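Residue numbers (full-length UniProt numbering), protein chains in the order written: chain A, 1 to 420; chain B, 1 to 382; chain C, 1 to 416.
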């Protein structure tokens, strides 16, 4: 597709002959690299005619490094649209693929050029690193990465328009869901975590807020800003990860060597929250968090968790509670049935050694008893006026036809005759 | 002034004859200068000046000129070089500012009136696409073609119309009905939506009350030292679910009523009315059992994980309480080192990447993926 | 079916940073040529002394990259171009600085995977960027720094400033985003170290191998892996497990062969031997088994071939060569001349990373508001090449830059 040359301000004689070339970097790519044996560029004659190069005169004919060319190619694959969100750390824009405008994307521009003390921020680095490697239907897709003109990091992510799970959980008035829905969501979440662990990656920030919903109802795990690869033996990791309400006791007690069990605990608390429709263990401080865990699940001690008192930040309230039994769980969480409660309890085991693993979770029988998990298209959606159909309608009128997979591929046939 | 009884070159049938090449290359825009090209009146002299065009030649002039020149009967187009005979009643306002667009739209309208088959008239996609291609080719010739091409296209148009008169009429009727359908359906949906909203509001209200009542009951029973029935929670959720289903059923019924005519509509494509190909059966996807893993699980083929796998360097941490208590998993670690020892042993980079010579990086990836599929089959047999 | 190999093919290391030798050479050639072209343009675009031919030949006086004008006081209007580095010379510099990077990492005491990631970052960067464009001695430091961060560690800029004797933190950080981009934003580097552990464990589990022997082999193999693959192009042409097997083979050929035999051993199911590659559950037809046997041995031979080839590459840079790369006379006679050449032909606009970053940031903030391209307006079409990386620098801008004489004297930084 031809790029129309930019008509620059007239009167700059040095620019006229370079304008056309400059406006279309594609012209640079194959032929512009003069590979004569002496290395003298073809523009030699042109430069001689100048007396003084005007601003940008010489450099606007700059040949791009291969890496810059690659970046430019990546960048041009997407067209950036309106701003969806803004923050000090990053802006998010809606965008679409140039070759197929129905493919919507979210372009997250991370402002790395701010003067951070220690250079590029670690979470931008981690997010880029892990999303580049992990590809799974229940993990947000990173479609591309490029740097923009202003030297900022742009992550092109799949567009997930239906908000996050937290929104659905909290919107008691407009959104209703039942055991089948919970099962479906839990399946998606567990699969995402299982995939991460299968690839030896810890997510370390699982919470409903980071579970985004795609247009077809699929839940996707996002925000890998705290993720890291599994540790090797002897290699210390930080215990200061995972949002407090979803943080497992071993991290609250300062453990430096841990495993996927930390994510499983988070999954368990999310499970509980889905059922209760409010946060399960909302502690305001770490001490309070421990207290809540003790009360709701049981106080960790050498009996139920050998060695726990040796953890460097071990501390528990003086009033101790025994480990809570199934009856109690059934009372609160019975909505998902005895198998569901069994699974929930296994994720909330205090001793991480004995906590269920993601793989084992997926092998649990809860998935195969009634009710069957709701199919994703039928899952409850973010409500506008309390009705998902209405929401879909509004979206369609805005030109987003993501609900109709066929619609994306068929151009609307303009009606020239009949309807007029 | 005598009327010029000139005979226009009118082709039989159809609204307008072929447009002469001289005019087709010189269709002027109604420029922003707002000056009538015929009488040269400027807009500031007549604020309400309207421009009309005649589809014979798409030349525009102000309504005053039209009246003046053509009131007395058919006359020659006043634009220099255009010798078409125009009639007063042929004039109308143009919809588009760009008259070439106006002309094209008129042509398309004409063509669409004759070529009005829908996708579900075709058995397979190829046939439909061929039809669309044919229509486009015809249209292109009419819009942009040379004189010869245009007259050939016009002839084809006439021929088709004559040949398929019955079908054309049928399709036209069907089109009108479909419009009526979607209008009705839209109304029904909105009604359903309203119902649902009301229902949800009502239900929420009831639930709140129910919850309040239950809480009281719980407190009471707690006070009396009884364990609260676990039935209440389940009941609440079930009620919500039931109510949901009831409302959905009502909405579905409303929709079903309006689509009793049986026009196939896949999914909820009310607006776009994409009907799909003829005879395409939209069977519901066969519902197999739920697979929690969502696909195949990785199983090592080159090694096995067994308890005999040990290494003193790592094992010395096994007894470290910090590792044990924190939940560090040696199983995970051993699985990982074994995996890394064998993953990629059979990946031959030089071969696989060479296949992609001259291709872009993404194409290389695509080819490599294809290779992977092939070689992994081979690997399985190992 | 997700076999081990299929999994490896999904990594960015395989997809973006693995090449055949021909491809890699072509890429380096292209990089070299592009750099020559651009630097030439840049050098030639500086205003020649306007009227008096005998005037001072200071054309861009305050640039810290001396525009070469070897003919003395400006007789020619057009400065002659310097001799550019050849791809082979670039390679020499890359290898030299990789060795320096590894030495620096030892000073810090970084674990093996961080050292190696830094080294791999460094080498990858100079596949698509030229030594003439960006100073290797700076990029080396950035690569190490960034490597720490990418591997989940925490890098303190202050430590780097101290160890490398820098004036400011800015000097360490200036090249970071550049490096990130040069790596095509893919940061996960797969190393052979864990693979070695796995191989050793598998060998030990065989039960009939001398534990001491295995220990010795592991030690030597690990020593090799911490140096040899990084000093060659092994990471581009072979997978980590292949590199590991090659190193193991160099350390103890017999053990490596034993392991390969075990892995690719095909045994008829009747024997019931519990080998991982055994083809069947005992239910296959004989013909199928034969076919599998043939394919199995073909694969095995191919793998062996790859490992042999990798072995050859590694054996050119065994750990004993560390001394060679730090040998003063070698440096003087081989590296020195290339450095001199580099002094004359480097990219005047980009050589100073701190200035480069500052200028780009200035331009970026000048365009404030335009970085929010709202409402789908595709301004992308109208950028010119230079605008990809901020506005093109004019001669005026270059003049405005301060001279950094300290940097000039020893362009490769002080001794470590």
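By construction, the Cβ of each residue, glycine as well, lies at the ideal position given by its N, Cα and C atoms.
Keep in mind it's a predicted model, so treat the numbers as computed, not measured.
> Ordered along the chain, which non-local residues of its own chain (more than five positions away) have a Cβ less than 6 Å from that of residue 248 of chain A?
Replying inline: 262 and 265
> According to the Cβ coordinates, are residue 124 of chain A and residue 109 of chain A closer than 8 Å?
Replying inline: no
>> Please classify residue 128 of chain C as buried or exposed, where buried requires at least 16 other C-beta atoms within 10 Å of its C-beta.
In response: The residue in question, residue 128 of chain C, is buried, as its Cβ has 16 or more Cβ neighbours within 10 Å.
> chain C beta carbons: is any one of them nearer than 8 Å to that of residue 317 of chain B?
Replying inline: Taking Cβ atoms only, chain C never reaches closer than 8 Å to residue 317 of chain B, which makes this a no.
> Taking the alpha helix (DSSP H) that residue 61 of chain B falls in, what are its first and last residues?
Replying inline: Per DSSP, residue 61 of chain B belongs to no alpha helix (DSSP H); it is in the beta strand (DSSP E), 60-62.
> At a Cβ threshold of 8 Å, is residue 237 of chain C touching chain B?
Replying inline: yes
>> Which residue wins for smallest C-alpha separation from residue 118 of chain B, given the options B:172, B:300, B:212 and B:180?
In response: B:172
> Going by beta carbon distance, what residues of the same chain come within less than 8 Å of residue 25 of chain C, once the five residues before and after it are set aside?
Replying inline: 87
>> Check whether the region 203-223 of chain A and the region 294-312 of chain B are in contact - that is, three or more C-beta pairs closer than 8 Å.
In response: no
> Looking at the C-beta of residue 336 of chain B, does it have a partner C-beta in chain A at a distance below 8 Å?
Replying inline: yes
>> For residue 106 of chain C, which residues in the same chain have their Cβ closer than 8 Å to its Cβ, ignoring the five residues on either side in sequence?
In response: 115
> Which residues in the same chain as residue 84 of chain A place their Cβ atom closer than 8 Å to its Cβ, once the five residues preceding and following it in sequence are excluded?
Replying inline: 92, 93, 94 and 106
> residue 15 of chain C by DSSP, collapsed to three states: which one?
Replying inline: Helix, per DSSP.
>> Considering just the uninterrupted stretch of the beta strand (DSSP E) at residue 106 of chain A, what are its terminal residues?
In response: 104-110 is the extent of the beta strand (DSSP E) around residue 106 of chain A.
> Where are the alpha helix (DSSP H) runs, 4 residues long or more, that stay fully inside the region 52-117 of chain B, in chain order?
Replying inline: 63-70 and 99-114
> Does any C-beta atom of chain D lie closer than 8 Å to the C-beta of residue 164 of chain C?
Replying inline: Here the protein chains are A, B and C, and chain D is not one of them.
>> For residue 57 of chain C, count the other beta carbons within 10 Å of its own beta carbon; 16 or more makes it buried, fewer makes it exposed. Which is it?
In response: Only weak support exists for where residue 57 of chain C lies, its pLDDT of 42 falling under 50; the coordinates are left without a value.
>> Please report whether the beta-carbon of residue 323 of chain B lies at a distance below 8 Å from any beta-carbon of chain A.
In response: yes
> So which residues of chain B does residue 161 of chain C contact, with C-beta pairs closer than 9 Å?
Replying inline: Result: empty, since nearest Cβ-Cβ is about 33 Å, beyond 9 Å.
> Quick one: any contact between the region 191-207 of chain C and the region 317-330 of chain B, if contact means 3 or more CB pairs under 8 Å?
Replying inline: Short answer: they don't touch.
> residue 306 of chain A and residue 218 of chain A look like a contact to me (Cβ under 8 Å); what is the Cβ gap, rounded to whole Å?
Replying inline: The beta carbons of residue 306 of chain A and residue 218 of chain A sit about 41 Å from each other, so the pair does not count as a contact at 8 Å.
> Quick one: what's residue 158 of chain A bridged to in DSSP?
Replying inline: Its beta-bridge partners are A:105.
>> Mapping the DSSP letters down to three states, classify residue 42 of chain B as helix, strand or coil.
In response: strand
>> Is residue 332 of chain B close to chain A? Criterion is C-beta to C-beta, closer than 8 Å.
In response: yes
> beta strand (DSSP E) containing residue 91 of chain A: first to last residue?
Replying inline: 90-97
> Anyone know if the C-beta pair for residue 99 of chain B and residue 53 of chain B falls short of 8 Å?
Replying inline: Contact: yes.
>> If distances are taken between C-alpha atoms only, which option among A:197, A:211 and A:199 comes closest to residue 188 of chain A?
In response: Nearest C-alpha to residue 188 of chain A among A:197, A:211 and A:199: A:211.
> What residues in its chain sit with their C-beta under 8 Å from that of residue 351 of chain A, if we drop five residues either side in the sequence?
Replying inline: Take residue 351 of chain A, set aside five residues on each side of it, and the residues of its chain with a beta-carbon closer than 8 Å to its own are 300, 304, 305, 306 and 308, in chain order.
> When you compare only the Cα positions, how much space is there between residue 57 of chain A and residue 93 of chain C?
Replying inline: At residue 57 of chain A the pLDDT is 33, less than 50, meaning the model places this residue with poor confidence and gives no usable figure here.
> Under a CB-based cut-off of 8 Å, is residue 55 of chain B close to chain C?
Replying inline: Chain C contact via Cβ: absent.
> On the three-pair Cβ rule with 8 Å, is the region 308-327 of chain C touching the region 119-136 of chain C?
Replying inline: no
>> Counting only Cβ-Cβ distances shorter than 7 Å, please list the residues of the region 287-312 of chain B near chain C, keeping chain order.
In response: 296, 298, 300, 301, 302, 303, 304, 308, 309, 310 and 311
>> Can you tell me where the beta strand (DSSP E) holding residue 142 of chain A begins and where it ends?
In response: 142-147
>> Counting only beta-carbon separations shorter than 8 Å, does residue 20 of chain C have a partner in chain A?
In response: no
> Buried or exposed: where does residue 7 of chain C fall if 16 or more other Cβ atoms within 10 Å of its Cβ makes it buried?
Replying inline: buried
> Shorter than 8 Å from the beta carbon of residue 91 of chain B to some beta carbon of chain A?
Replying inline: no
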